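First to last, the protein sequences are chains A and B. Here my numbering is used: the first residue of the first sequence is 657, the next is one more, and so on. Here my numbering is used: the first residue of the second sequence is 657, the next is one more, and so on. First comes the structure, then the notes that go with it.
Number of protein chains: 2
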Amino acid sequence: MDDVYGRQTTILIEDVWAGSGEVDIFIASDGSIGDTGPGIGKRYRSSAEFTIDGSRKVALPGLVNTHTHAAMTLLRGFADDMPLQDWLTEKIWPLEAHLTGEDVYWGTKLGCLEMIRTGTTAFNDMYFYMEDAARAVDETGIRANLAYGFIDLFSPEKREAEIAATEKLVKTIRSMNNPRIRPSVGPHAVYTVSQEGLCWLAGFAREEDTGIHVHLSETEKEVNDAVSQWNRRPSAVLDEAGLLTGRTVAAHCCWLDRDECMLLGKRGVSVSHNPVSNMKLATNRAMPYHWLKEAGANLSFGTDGCASNNNLDLFEEMKTGAILQKFFWNSQTLLPAGEALSMATAGGARALGLDSGMLEKGRPADIILLDRDIVCNTPFHNLDSNIVYSCSGSAVDTTICDGRVLMKERVIPGEETIIREAARAARQLVERAESGS
Amino acid sequence: MDDVYGRQTTILIEDVWAGSGEVDIFIASDGSIGDTGPGIGKRYRSSAEFTIDGSRKVALPGLVNTHTHAAMTLLRGFADDMPLQDWLTEKIWPLEAHLTGEDVYWGTKLGCLEMIRTGTTAFNDMYFYMEDAARAVDETGIRANLAYGFIDLFSPEKREAEIAATEKLVKTIRSMNNPRIRPSVGPHAVYTVSQEGLCWLAGFAREEDTGIHVHLSETEKEVNDAVSQWNRRPSAVLDEAGLLTGRTVAAHCCWLDRDECMLLGKRGVSVSHNPVSNMKLATNRAMPYHWLKEAGANLSFGTDGCASNNNLDLFEEMKTGAILQKFFWNSQTLLPAGEALSMATAGGARALGLDSGMLEKGRPADIILLDRDIVCNTPFHNLDSNIVYSCSGSAVDTTICDGRVLMKERVIPGEETIIREAARAARQLVERAESGS
C-alpha cells in the first residue's frame, strides 16, 4: 500500500460517511471524483487500483486556507506577546531580512506538511522568494495560489523592482506547467503600496488572468491613516485601482464599515476571515460576518502566518471564527457550524478559483478522511458541530489532493526530513540574525 | 511494558526537556516526584522498575481543568448555535431530565478519557449523579474535586433535597478513601440558590473542609438581575453567605467590576477562566484578567461542559484565553504564553488545593510528556509559545497521574470500550428523550 502515495491512480473509498449518510467515492485516474453515491462502489471494485475502507470514517472536501504566509512557520514562537510595532521592527522584520530562498523553501515545506496533516489541500500564499515556495508546493502535492508580496513603500525605484519580481514569479509558475500551482498578484496593503503600484497590479492581473491577494482593513490605524491621508477608506483606495474583483481575496477585513461590505459584495470579492491572528494581534474588532453575508461577499477562512497564529490548523480557525463572531457581535446564533464548514471548503475553493470544495462527481478529488471512533467525534449527534466545535486537525487520518494520497493513516512520507531540515533552517536563520551576518 | 499502566511503581524519565533544559525525573513508589535534575538519572537507573526515554520529549506538569461538567460529553454536538434560552429550555434541560446515573458514569468516563488524552490530570466537576461520576474517576486514574450542583430555586422543600444530596456525596467520597477524589460543595449560582442554601453550603464546606465550586457573573443578565433584586452584585451575595474563601473556585467571572476583583483577591478566591464557552455563548465580555491579577486572585482555566465548548482540551483553552484577553482588552501584551501555561498548571493545582502543578521534588508526579519532533513544536524557538499558541492536546504522548501511567505513546487501555459505551449511552439518551419515556 506504500506505493499509493503521490501517484495518479484510481481509488475506491467504500462506505464512508459524507454529509448525512454513507456513500462510496470513486477517484478516477485524472484526479477527479469519477463517481459518488450510496452503493456505487460495486461498479468500480474490480477496476480501482486501491481501496480504502471508509466504514469508520467521515469524508469532507479538503479545507482551503485563503490567507497565509506558509514559510513563516520558521518564525513560529520566535516572538509573541509584544506591542505590534516593537514586535515587527525589533523581531520579525530583522529576522526576515536574513531569510534566503532556501529558508523559504524549507519553511514552505513545513507549512505544506502541517496543512496536509490538518486536512488542508489548497492555500493562498503571499511572501517572497516565491519561486522557492513554488518548488516546495510542487514537491509536497498540495495546491496553492502563490503571490509575491508587492511592497513599494511609495518609491518609484522600489516599484520597478517589485514589478519585475511579480512578473518573474508569474512567468516561473507558468513555466512549471503544474495545474496545482497558480500565480496571483500580491498588493500587500494600501499603506505599503503606491496608487501607481496598485493600478499596475490590477492591470497585470487582468491581462494575465491571475488572482489578487491583498490585506484589507486589518487594523483601525490602517483605516484612520487612509482616511486622513486620502480622505477615503481602504476599500475605496483598492476599488479605485481596480483591485476589487471576483478574483480578489481580501484578508482580515476587521474594520470594514457597512458600505464597504456592500461594495465588496457588489464586486464579488472573496473575504478571508483570520480570527486567531486578529485576536492575537489585538485588532479589537471582528470581521463583520453578518454584513458581508448580507452583501453576498464570498466568505472563507485563513490562518495568517505562523508568527501571528501560531499554527496552520483550519479546524481551529473554523471554531475560533464561529465563536468569535458570536462573542463580538453579541449573537448566540451568528456563524453556525454548517456555515463555518462551508466557508472552509466551498467558500475557500471559490476564493481561489478552484472547482473543489464539494464532494460531487466531476469535481477535483480533494478529499480528507477523519476518524469517527475517536473522542472528538463521540457521540455522533451532529457531524458539522463535531468538526467545527470539537475536533482539531489531529482528527484527520487521510489527505487526498488532486486524486493523489498525500497522507494515509496519519503517515506522510518524508515528514521526518522536512521537520529536521526546517528546524535546522530556523536555527541557522536566528544565528545569522544574531551575529548580524 | 504493557504492565506499566495504572500501577504504583517506580519510573525514571531520562533526558527530557523541562523548562529550559534537559533533566531526568525519578518517580517514587508513593506517586511523588522522588528526584529531578540534570543527570540525576544515573542514581536511579538500577532501582527504577520502568524507564522512559524522554530525549525527544518535553515534560510539563499535568494540566488542571478548574471548571467542567464532565458527563456533558454525552451532549457534545446535541445542540449549538441557538438563542441561550431556547437552547436550555428546548434542548439541554429536556435531555438532562432523562439522564441516569449510568449515563453520568459513561459520560464522565468519556470526559476522563478525553482529558487524559489531552494532558489534563485533575479537574473540578459539578453535575448530578456524582456518585457515579466518582466511580468513573476512580477507575480512570485521574484526580477530581467533585461537587453536586446545588439548585434549590428558592424553594425550601427543594433545598432540603439538595442538602441531602450534598451530604450524601461528601459521605460517599469520604468512604471511597481514594486520595485522588475529593468532595466539594457546588452552589450553582446566585440566581438558582436561595440565600439560606448559600449560607448552609458555606457552613457545611467549612465544617467538612471541602472546596466550593460556583458559577459567578457569567452573563450581564446575572449581574443586572442581582442588582435589581437584591441591590447587590453577585460577588457580594456570595460573600455575604461566606462563600468567597481560599477554597472557592469561581467559574467564568466575565462581568466582574474592578471592586469585585479586589474582593475576590482579598478573599483568596481562585477564578476559572472559560474563554471558549464564554465566546460560544456570546457573553460579550471577557474575564478582566488584568484586574484580577492586580488584585492577587489565583487564576486558572476551565473548559466548561461539552455542550458549550465542545471539547475538554485545555491546550485550546490556554490559547483561546491568551488571545481573547488581548483582543477584548485591546492589549497585544496581556496574558502572555508563560502566564497562560502557569494558569493551566500551578494556578489550577492551587485552585483545587493540590500540591501538583510544578515539576519539583516531593510534589505529586502528575506529569505529561509531549513530542518535540512534531510540527507544532518545530521550530523550537520558545517552548511556552509552542505549547500555548501552536500545539493542541494531540501533542501529548504520555500522561502520568499520581505516579501512575494512564497513557503511553498515545495508547490508553480500555479506550475503545469507553468510546463505544458512551456513544451507546448518548444514543439511547436521545431516544428516551424523543420518545418521552
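A virtual CB, placed ideally from N, CA and C, is assigned to each residue, including glycine. None of the values given here were measured: they were computed from a predicted structure.
By the three-class DSSP mapping on this structure, what secondary structure does tryptophan 886 of chain B have? Correct three-state label for tryptophan 886 of chain B: helix.
Span of the alpha helix (DSSP H) holding asparagine 801 of chain A? Residue range 799-806 is occupied by the beta strand (DSSP E) that includes asparagine 801 of chain A, with no alpha helix (DSSP H) assigned at that position.
Based on Cα-Cα distance, which residue from A/Asn986, A/Ser840 and A/Ile819 lies nearest to isoleucine 829 of chain A? Restricting attention to A/Asn986, A/Ser840 and A/Ile819, the CA atom closest to the CA of isoleucine 829 of chain A is found in A/Ser840.
Phenylalanine 971 of chain B by DSSP, collapsed to three states: which one? Looking at phenylalanine 971 of chain B - three-state DSSP - the assignment turns out to be helix.
Should histidine 1038 of chain B go down as buried or exposed, given a rule of 16 or more other Cβ atoms within 10 Å for buried? The sequence shown places asparagine at residue 1038 of chain B, not histidine. The Cβ neighbour count for asparagine 1038 of chain B, taken over all protein chains shown within 10 Å, is at least 16; the residue is labelled buried.
Alpha-carbon to alpha-carbon, lysine 814 of chain A and serine 1050 of chain A: If you take the alpha carbons of serine 1050 of chain A and lysine 814 of chain A, they lie about 43 Å apart.
Measure the CB-CB distance between valine 714 of chain A and glycine 1013 of chain A and report whether it falls below 8 Å. No. Outside cutoff.
Contact residues within the stretch 920-937 of chain B, judged by C-beta distance below 8 Å to chain A: Flagged, chain order: Val932, Asn934, Met935, Lys936 and Leu937.
For the stretch 929-981 of chain A, which segments carrying the beta strand (DSSP E) assignment without a break, of at least 3 residues, lie completely within its bounds, in sequence order? Those beta strand (DSSP E) runs which fall completely within the stretch 929-981 of chain A and span 3+ residues are 954-957.
State the start and end residues of the unbroken beta strand (DSSP E) segment that holds cysteine 1057 of chain A. Counted as a single uninterrupted DSSP element, the beta strand (DSSP E) harbouring cysteine 1057 of chain A occupies residues 1052-1057.
How many angstroms separate the CA atom of proline 1069 of chain A from the CA atom of arginine 712 of chain A? Rounded to whole angstroms, proline 1069 of chain A to arginine 712 of chain A spans 24 Å at the Cα level.
Run of the beta strand (DSSP E) containing glycine 921 of chain A, from where it starts to where it stops: No beta strand (DSSP E) contains glycine 921 of chain A, which is instead part of the alpha helix (DSSP H) from 914-923.
What does valine 893 of chain B pair with, by DSSP beta-bridge criteria? Per DSSP, none; premise fails for valine 893 of chain B.
According to the Cβ coordinates, are threonine 724 of chain B and asparagine 780 of chain B closer than 8 Å? Cβ distance < 8 Å, so threonine 724 of chain B and asparagine 780 of chain B count as in contact.
State the start and end residues of the unbroken beta strand (DSSP E) segment that holds isoleucine 681 of chain B. Residues 677-683.
Tell me whether aspartate 654 of chain A sits in a helix, a strand or coil according to DSSP, three-state version. Not covered by the structure: residue 654 of chain A. The range shown for chain A is 657 to 1093.
Would phenylalanine 734 of chain A count as contacting chain B if we go by Cβ distances under 8 Å? Phenylalanine 734 of chain A counts as touching chain B.
8 Å Cβ cutoff, methionine 974 of chain A in contact with chain B: Methionine 974 of chain A does not count as touching chain B.
Please state whether DSSP places serine 926 of chain A in a helix, a strand or coil. Annotated three-state conformation of serine 926 of chain A is strand, per DSSP.
Report yes if the CB atom of proline 931 of chain B is closer than 8 Å to the CB atom of threonine 866 of chain B, and no otherwise. Contact flag unset, no.
If I measure Cβ to Cβ from serine 614 of chain A and keep anything under 7 Å in the same chain, skipping five residues before and after, which residues do I get? Any property of residue 614 of chain A remains undetermined from this structure, which presents chain A solely from 657 to 1093.
Between which residues of its own chain and leucine 894 of chain B is the CB-CB distance below 6 Å, once the five residues before and five after are set aside? Here the set comprises Leu900.
Use the C-beta contact count for glutamine 851 of chain A: other C-beta atoms within 10 angstroms, 16 or more gives buried, fewer gives exposed. So glutamine 851 of chain A counts as exposed.
Taking just the CA atoms, how far does glutamate 678 of chain A sit from arginine 1028 of chain A? Roughly 12 Å separates the two Cα atoms.
Strand pairing of valine 793 of chain B, partner residues [DSSP]: Paired residue(s): none; valine 793 of chain B is not in a bridge.
Sequence-distant residues of its chain with Cβ nearer than 6 Å to serine 928 of chain B (five each side left out): In its chain, beyond the 5 residues on either side, Thr722, His723, Val905, Ala907, Ser956 and Gly958 have a beta carbon closer than 6 Å to the beta carbon of serine 928 of chain B.
Compare the C-alpha of leucine 912 of chain A against each of A/Gly924, A/Thr665, A/Leu948 and A/Gly898 and name the closest. Selected option, being the one with the closest Cα: A/Leu948.
Burial state of lysine 877 of chain B, where buried means 16 or more other Cβ atoms lie within 10 Å: By the neighbour-count rule (16 or more Cβ atoms within 10 Å), lysine 877 of chain B is not buried but exposed.
Of all the options A/Gly697, A/Ser688 and A/Thr707, which has the alpha carbon lying nearest to the alpha carbon of aspartate 659 of chain A? A check of alpha carbon separations from aspartate 659 of chain A across A/Gly697, A/Ser688 and A/Thr707 identifies A/Thr707 as the nearest.
Rounded separation between isoleucine 683 of chain B and proline 717 of chain B - CA only: Approximately 13 Å between the Cα atoms of the pair.
Return the bridge partner residues of alanine 907 of chain A from the DSSP annotation. Its beta-bridge partners are A/His871 and A/Ser928.
Exposed or buried, what is valine 1052 of chain B when buried is set at 16 or more other beta-carbons lying within 10 Å of its beta-carbon? Classification for valine 1052 of chain B: buried.
Taking only beta-carbon atoms, is cysteine 1032 of chain A less than 8 Å away from chain B? Yes, contact with chain B.
Taking a cut of 9 Å between CB atoms, which residues from the stretch 770-784 of chain B lie near chain A? Answer set for the stretch 770-784 of chain B: Glu770, Arg773 and Thr774.
Anything in chain A within Cβ reach of leucine 900 of chain B, meaning under 7 Å, just list it in chain order. Correct list: empty, because the minimum Cβ distance to chain A is about 27 Å.
Would you give the residue range spanned by the alpha helix (DSSP H) that alanine 1082 of chain A belongs to? It spans 1071-1091 - the alpha helix (DSSP H) in which alanine 1082 of chain A sits, taken as one unbroken run.
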